[in-house]
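*Asks:* I am attaching a structure below and will ask some questions about it afterwards.
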Amino acid sequence: MKVTTEKLPKSRMSLQIELDAARFEHGLDQAARRFSQKYQIHGFRRGKAPRFIIERTFGREALIQDAQNDLISKAFQDAIIQEELEPIGPAELDVITSVDPFVFTITVPLPPTVKVGDYHTIQVPFEPDEITDEQLEGMMDAMRDRHVVLKELDEPRPTQEGDSLKVHLETFVDGETLDEREEGEERPEHTLDLVKGRLIDELYQALIGVNVGDTVDVVSQMAEDHEDERVRGKEVTFKVEVLSMQQRVLPSWEELPQLQEFEGTLEELRAKTRSDLETTARHVAERKVLDTFIDHVLEITEFDVPDVMIENMADDMLKDQGREFARYGITLEQMLQFRGETREQAIATLLPEAEKRTRVTLALAEVVEREELNVSEEEIEAEIIRAVADYSEEQRDQVMQAFQGEMRGMIFNALIDRKLRERVLRLAAGIEPSVEEEPVDAAGSDVEALEGEAQDAEAASVSETAPVTRDAPVTSEERTL
1 MKVTTEKLPK
11 SRMSLQIELD
21 AARFEHGLDQ
31 AARRFSQKYQ
41 IHGFRRGKAP
51 RFIIERTFGR
61 EALIQDAQND
71 LISKAFQDAI
81 IQEELEPIGP
91 AELDVITSVD
101 PFVFTITVPL
111 PPTVKVGDYH
121 TIQVPFEPDE
131 ITDEQLEGMM
141 DAMRDRHVVL
151 KELDEPRPTQ
161 EGDSLKVHLE
171 TFVDGETLDE
181 REEGEERPEH
191 TLDLVKGRLI
201 DELYQALIGV
211 NVGDTVDVVS
221 QMAEDHEDER
231 VRGKEVTFKV
241 EVLSMQQRVL
251 PSWEELPQLQ
261 EFEGTLEELR
271 AKTRSDLETT
281 ARHVAERKVL
291 DTFIDHVLEI
301 TEFDVPDVMI
311 ENMADDMLKD
321 QGREFARYGI
331 TLEQMLQFRG
341 ETREQAIATL
351 LPEAEKRTRV
361 TLALAEVVER
371 EELNVSEEEI
381 EAEIIRAVAD
391 YSEEQRDQVM
401 QAFQGEMRGM
411 IFNALIDRKL
421 RERVLRLAAG
431 IEPSVEEEPV
441 DAAGSDVEAL
451 EGEAQDAEAA
461 SVSETAPVTR
471 DAPVTSEERT
481 L
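Rendered as structure tokens:
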């Protein structure tokens, strides 16, 4: 058997395979035997007709047609061994060039090749935001606001700072309403808190001092970068009818530590809150270092990745979506039906993100190998004990079994990720990572979910922000490292 190979883009190999005459004729012998067993040949018992009779009866082309699948399959497997190839997906038969000699060409996807440049030269500044007194007070106010009590008024009065209003609110741009309602549908009620900074200034000022039953029209110029693209840079008119009013009663500052179940004084709570904010700022800055490092690594890396690998990643991403929806009793098929998509269309939509994730995974795996990062059995056992301790006594045996089984690989990967993060922060920013480390799985997780396939989950919080509110900061999607 003669094999000629040609390297193709996207980590594929083309194999032109030519069978020697003896192997080809042996394949035709076997095809003739199958014909003899399948068909009754005049003058012969079933299975006893010689090949030349079979060939004369059915023709040589029929034997070749019957034999070619078996010939191709066995020759391909032998060629893989001969050329020492490691396919990572199904092969594709391109063409049968000739039958005498029997020559065919087949293409097979191979493991990706990744050439990472000198990532040791990548330097990323570590710049955690300084926590200002205004930020601290804002967090303390928000903490106090969680315990607000709404109180009915003893007697009617005009609105004032801190009140909570039930209103009918309509928004107009260029004379057209932005509120989509069916004809005859009642206007929905909205709750507006008259707290400075929560509403746009013009609306806040207009609603101070009004009475229940009043209607006010407010005109405001929206910012060019407003998160609602329908109002960016435009003049917006708000029509507000005040339906009812309640007084927002905040707890005293002295009550706050107890309400927060904090053991300490108000000043100690304030100090802890500042410390928490500083820790969060450090984590955000570390995340920026890691993301920037990854972006630079991708820029200096050469990839040759087979399509099948990206398609498998997209398929896994779709399955992850299905598992997420399953928590709410929705099947993947129902989700696709709601979107009006087939499974193939959904996977095609995910391919760009799947390609990016695949590249990140491959590049970081190369960094792990170069840095010789590894995890010992002792480290895995210690992490399992640490994670299991966060579960109740009744759950621990079941959780331990899950961690010791399929999820052991997830523990290994999580620890490798942690070591890689630490190494990158030292290499790129020259800093030691945060001391605090989250266990592999937090307490309170659904134990049954631990028995399924181990998976990374990203939590996304989506809020519908009406243009009456100030633009909230948008959190960027975090890449797992």
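For the sequence shown, counting from 1, position 269 maps to 269 in UniProt numbering; every step adds exactly one.
Idealized CB from N, CA, C, for every residue including glycine.
What is the rounded straight-line gap between the Cα of GLN37 and the Cα of ALA346?
*Replies:* 47 Å
*Asks:* I need the straight-line Cα distance from PRO50 to GLU18, nearest angstrom please.
*Replies:* 27 Å
*Asks:* Determine the direct distance from the alpha carbon of VAL149 to that of VAL249, and round the result to whole angstroms.
*Replies:* Straight-line Cα distance between these residues: approximately 5 Å.
*Asks:* Give the straight-line distance between the Cα atoms of LEU178 and VAL240, rounded to the nearest whole angstrom.
*Replies:* 14 Å
*Asks:* Given a cut-off of 9 Å, decide if HIS120 and GLU255 are closer than it, judged by their beta-carbon atoms.
*Replies:* Judged by their CB atoms, GLU255 and HIS120 are not nearer to each other than the 9 Å cut-off.
*Asks:* So if DSSP puts ARG248 in a beta bridge, which residue, or which two residues, is it bridged to?
*Replies:* LEU150
*Asks:* According to the Cβ coordinates, are VAL375 and PHE412 closer than 9 Å?
*Replies:* In this structure, VAL375 places its C-beta atom within 9 Å of the C-beta atom of PHE412.
*Asks:* Between the alpha carbons of VAL173 and VAL236, how many angstroms are there, rounded?
*Replies:* 5 Å
*Asks:* Determine the burial state of ALA21: buried for a count of at least 16 other Cβ atoms within 10 Å of its Cβ, exposed for fewer.
*Replies:* exposed
*Asks:* Beta-carbon within less than 7 Å of LYS7's beta-carbon, same chain only, minus the 5 sequence neighbours each way: which residues are those?
*Replies:* Taken in chain order, the residues that qualify are MET13.
*Asks:* Using a Cβ-Cβ cut-off of 7 Å (strictly less than) and excluding sequence neighbours within five positions of VAL210, which residues of its own chain qualify?
*Replies:* PRO158, THR159, VAL216, VAL242
*Asks:* With DSSP run on the structure shown, which of helix, strand or coil describes ILE106?
*Replies:* strand
*Asks:* Which first and last residues belong to the beta strand (DSSP E) in which MET407 is found?
*Replies:* Neither: MET407 is in no beta strand (DSSP E) and is coded neither H nor E.
*Asks:* Expressed to the nearest angstrom, what Euclidean distance is found between the alpha-carbon atoms of VAL116 and ARG418?
*Replies:* 21 Å
*Asks:* Under 7 Å Cβ to Cβ from GLN260, same chain only, skipping five residues before and after it: list those, please.
*Replies:* MET143, LEU269
*Asks:* Taking only three categories from DSSP, how would you classify ARG418?
*Replies:* helix
*Asks:* Nearest by alpha-carbon distance to residue 514: which of HIS283, GLN246, THR4 is it?
*Replies:* Residue 514 lies beyond the stretch modelled for the chain, which goes from 1 to 481, so this question has no answer here.
*Asks:* Let's test the definition: count the other Cβ atoms within 10 Å of the Cβ of VAL305 and tell me whether it reaches 16, buried, or not, exposed.
*Replies:* buried
*Asks:* In this structure, does DSSP put SER220 in helix, strand or coil?
*Replies:* strand
*Asks:* Tell me whether THR113 sits in a helix, a strand or coil according to DSSP, three-state version.
*Replies:* strand
*Asks:* Specify whether the segment 22 to 36 and the segment 64 to 75 touch according to this definition: at least 3 beta carbon pairs, one from each stretch, less than 8 Å apart.
*Replies:* yes
*Asks:* Please report the distance separating the alpha-carbon of ALA354 from that of ILE53.
*Replies:* Straight through space, the alpha carbons of ILE53 and ALA354 are spaced by roughly 56 Å.
*Asks:* Could you say which of GLU185, ARG56, GLU286 lies nearest to LEU425 if we only look at CA atoms?
*Replies:* GLU286
*Asks:* Considering LEU194, what are the terminal residues of the alpha helix (DSSP H) in which it resides?
*Replies:* Careful: LEU194 lies outside any alpha helix (DSSP H) and carries neither H nor E.
*Asks:* MET1: buried (16+ other C-beta within 10 angstroms of its C-beta) or exposed?
*Replies:* exposed
*Asks:* Please give me, in chain order, every unbroken run of the beta strand (DSSP E) with length at least 3 that falls completely inside the segment 249 to 330.
*Replies:* 301 to 304
*Asks:* Could you tell me the alpha carbon to alpha carbon distance between ILE380 and ALA387, rounded to whole angstroms?
*Replies:* 11 Å
*Asks:* Provide the residue span of the alpha helix (DSSP H) that contains ARG60, from first to last.
*Replies:* 60 to 82
*Asks:* Name the one or two DSSP bridge partners that VAL240 has.
*Replies:* LEU169, VAL216
*Asks:* For GLU314, is the classification buried or exposed, using 16 other Cβ atoms within 10 angstroms of its Cβ as the cut-off for buried?
*Replies:* The amino acid occupying residue 314 in the given sequence is Ala; Glu does not appear at that position. Buried, by the Cβ-count rule.
*Asks:* Opposite GLU92 in the DSSP bridges: which residues?
*Replies:* THR107
*Asks:* I'd like to check one pair, GLU61 with LEU15: are the Cβ atoms closer than 9 Å?
*Replies:* Contact: no.
*Asks:* Since I believe THR97 is in contact with THR107 (beta carbons under 8 Å), could you give me their beta-carbon distance rounded to a whole number of angstroms?
*Replies:* Between THR107 and THR97, the beta carbon gap of about 14 Å keeps them out of contact (Cβ cut-off 8 Å).
*Asks:* Taking the straight line between their C-alpha atoms, what separation do you get for PRO109 and LYS272?
*Replies:* Cα atoms of PRO109 and LYS272: separation of roughly 55 Å, rounded to the nearest angstrom.
*Asks:* What number of angstroms, rounded off, separates the C-alpha of GLU180 from the C-alpha of THR171?
*Replies:* 10 Å
*Asks:* Using beta-carbon positions only, say whether LEU373 and ARG423 come within less than 9 Å of one another.
*Replies:* yes
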